[in-house]
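Q:
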Amino acid sequence: MPNSVAQNVRTFDTRPEATVAIESPLAYSYQRSKAPKPNSHGRKGLVVRERPLLGHLILRGGAIVLDEALREELGINLPGQPQGLVLDASGERSVQWLSPDEWLIIVPGGEEFELENRLRARLGDAHYSIVNVGGGQTVLELSGEKAREVLMKSVVYDVHPSHFPVGKGVTTVFAKATVIIRRPTEDCWELVVRRSFADYCYRWLLDAGEEYGIGVAK
Amino acid sequence: MFYIHCPYCGEHREEEEFHPKGQAHIARPEDPAACSDEEWGDYLFFRDNPRGIHHELWVHAVGCRKFFNVTRNTVTYEILETYKMGEQPSITAEYSDGRPAQDAADQASLREGVRA
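Protein sequence lines correspond, in order, to chains A and B.
Oh and the first sequence: position 201 is 201 in my numbering, straight run, nothing missing.
Oh and the second sequence: position 27 is 27 in my numbering, straight run, nothing missing.
(1) What's the gap between the Cα of Glu17 (chain A) and the Cα of Gly110 (chain A)?
(2) Taking C-beta pairs closer than 9 Å, name the residues in chain B that Pro52 (chain A) reaches, listed in chain order.
(3) Per DSSP, what kind of secondary structure is Arg148 (chain A) in: helix, strand or coil?
(4) Which term fits Glu116 (chain A), buried or exposed, when burial requires 16 or more other beta carbons within 10 angstroms of its beta carbon?
(5) Report all residues from its chain with a CB closer than 7 Å to the CB of Pro71 (chain A); omit the five preceding and five following residues, and keep chain order.
(6) Can you round the beta-carbon distance between Glu102 (chain A) and Arg49 (chain A) to whole angstroms, since I take them to be within the 8 Å contact cut?
(7) Among A:Ala69, A:Val193, A:Lys153, which one has its Cα closest to the Cα of Val170 (chain A)?
(8) Strictly by DSSP, which residues pair up with Ser24 (chain A)?
(9) Measuring CB to CB, does Arg122 (chain A) end up less than 7 Å from Ala69 (chain A)?
(10) Can you list, in chain order, the residues of its chain with a C-beta nearer than 8 Å to that of Cys9 (chain B)? Leave out the 5 residues immediately preceding and following it.
(11) Could you check whether the Cβ of Glu14 (chain B) sits closer than 7 Å to any Cβ belonging to chain A?
(12) Measuring only the C-alpha atoms, how far is Val95 (chain A) from Asn132 (chain A)?
(13) At which residues does the beta strand (DSSP E) containing Asn117 (chain A) begin and terminate?
(14) With a 10 Å radius around its C-beta and 16 neighbouring C-beta atoms as the bar for buried, classify Pro20 (chain B) as buried or exposed.
(15) If you drop the 5 nearest sequence neighbours on each side, which residues of the same chain put their C-beta closer than 8 Å to that of Ala24 (chain B)?
(16) Does the segment 171-178 of chain A come close enough to the segment 137-150 of chain A that 3 or more CB-CB pairs lie under 8 Å?
(17) At a CB-CB cut-off below 7 Å, which residues of chain D make contact with Arg47 (chain B)?
(18) Relative to the alpha-carbon of Met85 (chain B), which residue among B:Asp31, B:Phe2, B:Tyr3, B:Pro7 has its alpha-carbon at the smallest distance?
(19) Of all Cβ atoms in chain A, is any one closer than 7 Å to the Cβ of Tyr8 (chain B)?
(20) Going by the beta-carbon positions, is the gap between Pro36 (chain A) and Gly215 (chain A) smaller than 7 Å?
(21) Please list, in chain order, all residues of the same chain as Gly98 (chain B) whose beta carbon is under 6 Å from its beta carbon, the five residues on each side excluded.
(22) Give me the chain A residues within the contact set of Val62 (chain B), using Cβ-Cβ distance strictly less than 7 Å, ordered along the chain.
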């Protein structure tokens, strides 16, 4: 057996079988800053919802090799263009362009270790890197008619639909914090924030969304 | 505020996302041990401070986190062009309206030679 790079990489499952309670990064924020109930405007009301404990993987390497491996293992291709975001049919798994040699994969929690292993097996000796960053970041989902208004108050990036269509995702400045803003569907915006900034971003959203009657869905 | 075109992201972004990193195109001496103190000191510490066209290194710190070059007029603050690492500027102090086509072609073939 050749002594390949893949065999020298030590991987481990960040979700052990042991029954240790796992808390979302916002567990304490809900208590301290409270969580106003969504108002009764139905689908139009402004709602922030956390998608905690998803599987986040950073994939780096050459686009052609990685694209082939992803098609085989995940069934979705790498975004061809900068700022691209590609989702699978269910909308639960996504790949996003972060830089010319870097992509962010988000899958349902618990799938990431198995996916990482399958990708490593398929990529073999290719020049690449996979890092599980799920413990370091979380996803906040913003939906409702006024979601764009809140973003316009918070980010320096132009979020007008003509400039930010569905299927786009950018890394930018959100209220002095670094976030990844994604638009997976027409009426939903996702903010991928650092775990350590989650409380700050949450409280900022509550404050910025107060005038629109923001609510928190759990 | 600058509105800077990132050659890697392929679009204009706010200055807040970027960070300047000083003068561009500073080549490290081939053999540092053979440098005189003066040569090494010049390489490490001394930078140009031109009035007019200046080539600078910037990083898209909140974004793709890639380094790239900016040609900027230090008098008017106008950004004349941005280009990727390893590329040569088409606008320089000698050619403030852009490098002539023939010259640019020569540069391209020169780069081709380096790559091959």
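Every residue, glycine too, gets a C-beta built ideally from N, C-alpha and C.
A: From the atom records:
(1) 11 Å
(2) Residues of chain B passing the Cβ test: none, with the nearest at roughly 24 Å.
(3) helix
(4) buried
(5) In the sequence under discussion, the amino acid at residue 71 (chain A) is Arg, which differs from the Pro named in the question. Closer than 7 Å at the Cβ level, and outside the excluded window around Arg71 (chain A), lie Asn77.
(6) That pair is no contact at about 27 Å.
(7) A:Val193
(8) Paired residues: none, contrary to the question.
(9) yes
(10) His60, Gly63, Cys64
(11) yes
(12) 14 Å
(13) No beta strand (DSSP E) holds Asn117 (chain A); the alpha helix (DSSP H) holding it covers 112-123.
(14) exposed
(15) His55, Glu56, Leu57, Asn69, Val70
(16) no
(17) Absent here is chain D; the protein component of the structure consists of chains A and B.
(18) B:Pro7
(19) yes
(20) yes
(21) Ser90, Ile91
(22) Thr171, Thr172, Val173, Thr178
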